[in-house]
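Chemist: First the structure, which I've put down as structure tokens, then a few questions once you've had a look.
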Amino acid sequence: MIQVEDLVIRLPGFTLGAVSFQVAAGEFFTLLGPTGAGKTLILEAIAGMVPVHAGRIRIGGRDVTRLPPEQRRIGIVYQDQALFPHLSVRENIRFGLRYRSRSADSETNIGRLIERLGLTRLVHRGVVNLSGGERQRVALARALAVAPDILLLDEPLSALDPNFREEIRDLLKKLHQDSGLTVLMVTHDFAEAHFLAARAAVLGSGRIEQMGSMADVFHHPASPAVAAFVGMKNIFPARFDRDRAAVGSVTLCLGRPVADTASHVAVRPEDIHLHGEAAGRADGAVNGFSGQVGRIDHQGVFCEVRVRCQGLVWQTLLPTGRVLAEGIVEGARVWLRVDAEKIHVMCADAGAGGSPGAGSRG
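By the count of our numbering, the sequence shown reaches residue 364 at its end, each step adding exactly one.
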């Protein structure tokens, strides 16, 4: 449905370079990445709102690269909704129809959207005093009122408080499941993308770092940048010798040989075992090291525990109940252990859009 081919956009101080990806008809696809990576720029290029310096954008096989926005059959929802404050809810929803021939079908479609999105009692109200969740539902209705082939979402949940965020997230998932509409969303929130999308492309500094299923990006990041984005946190440069990795003065057993291009190891914080030092030493398992708790950050049901071990600082994630029950406190001596199969190996530069190379899965 959407084909982006070698897309190049140049702005003062930033270049989006030769980005390519495809979104299948009926797919929910997300562009992930930190602020400033170029996500919204790609979205606006697809919508026809920014000039393209090179490359092609096709929708349903039709080249739309030079077409004006109103000829692309696209609906777009921004994070700040971009509603018109002087118009009522109904007038905002109907705004896009000025570019389309009005018919009984379009009016029927609007009536259904208003009912489906729970806006019936709000249609005559202004939008200024609506809640964040209500405004986002109005913005969704406006985007869908023109019966688009594609729905573009620009950080649709980031401006909402937690209660409204969950409400709109669930609504988006149900709308997609029920309608089969092709959806492209940009976000910097991996958990949000994981809930909604089937596939993702991770952007960094104007290029695609990795592309694949949500599970693959989460469990098998292709580069240190992607690993950091999906929350691995323990990411270290390493020197490799067959099935071993030297990280500073620590040697990790990997349990398998790795590619010659390998340059880093990474471990998710929840995959690190932490015990009292005496009990850990007695266990005798490989990849176990003595350390000292440097800091504990309480995060509700979990605690982030930072451990200094032979010059490295490891970030671990433990249930708060365990931290309290085992008397893990700042300054305590502990035993840290990492299972070999939980150690991810990657290259510093994985290349644009690729999956992990040989030896990178772990």
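Note that CB positions come from ideal geometry on N, CA and C, so glycine has one too.
In or out: serine 158 buried (at least 16 other Cβ within 10 Å) or exposed?
Modeler: The question names serine, but residue 158 in the sequence shown is proline. So proline 158 ends up on the buried side.
Chemist: Going by the beta-carbon positions, is the gap between alanine 147 and arginine 96 smaller than 9 Å?
Modeler: Contact flag set, yes.
Chemist: Pull up the distance between the alpha-carbon of alanine 106 and that of glycine 98, whole angstroms please.
Modeler: Legend: pLDDT at alanine 106 = 47, less than 50; position of this residue unreliable, value from coordinates given subsequently. As the crow flies, the alpha-carbon of alanine 106 is around 16 Å from that of glycine 98.
Chemist: In three-state DSSP terms, what is valine 315?
Modeler: DSSP places valine 315 in strand when its eight states are reduced to three.
Chemist: How many angstroms separate the CA atom of alanine 350 from the CA atom of histidine 55?
Modeler: 29 Å
Chemist: If you follow the beta strand (DSSP E) that serine 292 is in, where does it begin and where does it stop?
Modeler: 290 to 301
Chemist: On a CA-only basis, which of Ile274, Arg127, Thr110 and Asn236 is nearest histidine 266? Give me that one, please.
Modeler: Asn236
Chemist: Less than 6 Å between C-beta atoms, sequence neighbours within five positions excluded: which residues of the same chain meet that for serine 207?
Modeler: none
Chemist: Go through its chain and collect everything with a Cβ distance to alanine 334's Cβ below 6 Å, but skip five positions before and after it.
Modeler: Cβ neighbours of alanine 334 beyond the five flanking positions: Val295.
Chemist: Over the uninterrupted beta strand (DSSP E) stretch that includes serine 22, give me the two end residues.
Modeler: 16 to 25
Chemist: Proline 150 to arginine 339, Cα distance in whole Å?
Modeler: 52 Å
Chemist: Nearest-angstrom Cα distance between leucine 205 and proline 70?
Modeler: 26 Å
Chemist: In chain order, what are the residue ranges of uninterrupted alpha helix (DSSP H) at least 4 long that sit wholly in the stretch 175 to 209?
Modeler: If you keep only unbroken alpha helix (DSSP H) runs of at least 4 residues inside the stretch 175 to 209, you get 192 to 198.
Chemist: For the beta strand (DSSP E) containing proline 158, name the first residue and the last one.
Modeler: No beta strand (DSSP E) contains proline 158, which DSSP labels as neither H nor E.
Chemist: Can you tell which of Val309, Val303, Ala268 and Leu256 has the C-alpha that lies nearest to the C-alpha of histidine 277?
Modeler: Val309
Chemist: For isoleucine 170, tell me which candidate among Arg114, Gly134 and Val188 has the shortest Cα-Cα distance.
Modeler: Gly134
Chemist: Quick one, are the C-beta atoms of isoleucine 78 and isoleucine 4 less than 9 Å apart?
Modeler: no
Chemist: Are the CB atoms of leucine 186 and isoleucine 210 nearer to each other than 9 Å?
Modeler: no
Chemist: On the DSSP bridge assignment, give the partners of aspartate 243 in chain order.
Modeler: Arg246
Chemist: Counting Cβ pairs closer than 8 Å, one from the stretch 212 to 232 and one from the stretch 249 to 261, do we hit at least three?
Modeler: no
Chemist: How about alanine 26 and threonine 184: are their beta carbons less than 9 Å apart?
Modeler: yes
Chemist: Cutting at 7 Å between CB atoms, please list the residues of its own chain near glycine 257, excluding the five before and the five after it.
Modeler: Within the same chain, glycine 257 has close Cβ partners Asp245, Ala342 and Glu343.
Chemist: Going by C-alpha to C-alpha distance, which of Pro14, Phe30 and Leu13 sits closest to serine 181?
Modeler: Phe30
Chemist: Classify threonine 110: buried if its beta carbon has 16 or more other beta carbons within 10 angstroms, exposed otherwise.
Modeler: exposed
Chemist: Glycine 3 by DSSP, collapsed to three states: which one?
Modeler: Position check: residue 3 holds methionine in this sequence, whereas glycine was assumed. DSSP places methionine 3 in coil when its eight states are reduced to three.
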